[in-house]
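For the sequence shown, this note's numbering begins at 134 and goes up steadily by one.
Glycine residues also receive a C-beta, built at the ideal position from the N, C-alpha and C atoms.
Bear in mind the structure is a predicted one, so any value in this text is a computation, not a measurement.
Inspection log for the structure reproduced underneath, given as structure tokens.
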Amino acid sequence: MAKIQEVAQIGFSSQANTYAAGRPSYPAELSTWLTKELGVLPGSAVIDLGAGTGKFTRLLKSMGIDVVAVEPVEAMRTEFAKSLPDVGIVEGTAECIPFGSGTAQALVCAQAFHWFANEKALAEIHRVLRPNGRLGLIWNVRDETVDWVAAITDIITPYEGDAPRFHTGAWRSPFTGNYFSAPELTCFQYTHSGTAKEVIIDRFLSVSFIAALPPAERAKVTEQLQQLIDTHPSLRGREIIEFPYQTQAYACRRLD
134 MAKIQEVAQI
144 GFSSQANTYA
154 AGRPSYPAEL
164 STWLTKELGV
174 LPGSAVIDLG
184 AGTGKFTRLL
194 KSMGIDVVAV
204 EPVEAMRTEF
214 AKSLPDVGIV
224 EGTAECIPFG
234 SGTAQALVCA
244 QAFHWFANEK
254 ALAEIHRVLR
264 PNGRLGLIWN
274 VRDETVDWVA
284 AITDIITPYE
294 GDAPRFHTGA
304 WRSPFTGNYF
314 SAPELTCFQY
324 THSGTAKEVI
334 IDRFLSVSFI
344 AALPPAERAK
354 VTEQLQQLID
364 THPSLRGREI
374 IEFPYQTQAY
384 ACRRLD
């Protein structure tokens with residue numbers, strides 16, 4: 134099986150429970166998008182690749198879809214099984230998906246594709262999809278036009294290093310017309326509501342390159358985030374915080 138990046142293995146293994154607690158879900162409007170753009174209907178076979186703790190899998194399951202999850206990190210699979218015990222999850226990577234050719238009508242990657250955006254992964258995704266199948270790529274993107282959201286980005290960015298990130302756009306590079314059509318974008322507004330601990334502290338401690346930091350460095354990040362919560366007028370004293378996102382959903386058609 135192909136190896137996953139070390140920062141992902143370390144970060145997601147050590148903070149799987151924080152990931153489960155702090156990551157946002159997805160807008161309900163994605164149900165219509167899945168049907169319209171990916172051709173997914175109740176009973177359709179769908180692979181959720183890089184499923185993590187099952188945040189997106191829940192949406193698929195709610196639609197009556199025949200979904201199976203693939204996730205390389207054991208700690209994430211453990212969290213997944215706790216919350217979705219009736220959904221199958223298997224160990225695998227994007228370069229080695231443990232299913233036969235033509236298995237699924239659609240394959241989705243939520244908050245994950247930037248980790249394995251390469252031609253070998255696209256070839257493997259192409260293999261497990263049926264003719265005219267669809268690939269869906271979904272990300273919850275922070276709305277950095279909001280000043281305190283931009284301040285959070287300023288806190289975490291110095292630790293980013295060379296970890297693959299959605300915002301660089303490098304994930305688009307393998308779409309050369311060999312396996313899939315160019316990604317077509319649909320946008321949705323989404324708000325993650327919860328306590329400061331849930332939507333800020335847990336959310337950003339679960340970021341791979343933050344989760345992989347030594348404890349002392351991670352504590353510094355926590356301190357900076359807490360200081361922002363305690364001092365920013367839009368956050369200070371709030372029991373519930375509305376964290377703004379734009380959910381970007383990309384549909385790609387399998388080329389025969």
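- If you check the CB distance, residue 382 and residue 319 come in under 7 angstroms.
- Cβ-Cβ separation between residue 385 and residue 307: approximately 11 angstroms, too far for a contact (criterion under 8 angstroms).
- In the displayed model, residue 322 falls within a strand according to three-state DSSP.
- For residue 213, the uninterrupted alpha helix (DSSP H) segment begins and ends at 207 to 216.
- CA-CA distance, residue 323 to residue 275, rounds to 10 angstroms.
- Per DSSP, the continuous beta strand (DSSP E) segment holding residue 375 begins and ends at 374 to 386.
- Taken in chain order, the complete beta strand (DSSP E) segments of 3 residues or longer contained in the region 170 to 202 are 178 to 182.
- Beyond the five residues adjoining it in sequence on each side, residue 242 comes within less than 6 angstroms, by CB distance, of 182, 183 and 270 in the same chain, given in chain order.
- Contact between residue 223 and residue 201 holds, since their C-beta atoms are separated by about 7 angstroms, short of 8 angstroms.
- Taking residue 225 as the centre and dropping the five residues before and after it, the same chain places the C-beta of 203 and 231 closer than 6 angstroms to its C-beta, in chain order.
- CA-CA distance, residue 253 to residue 338, rounds to 31 angstroms.
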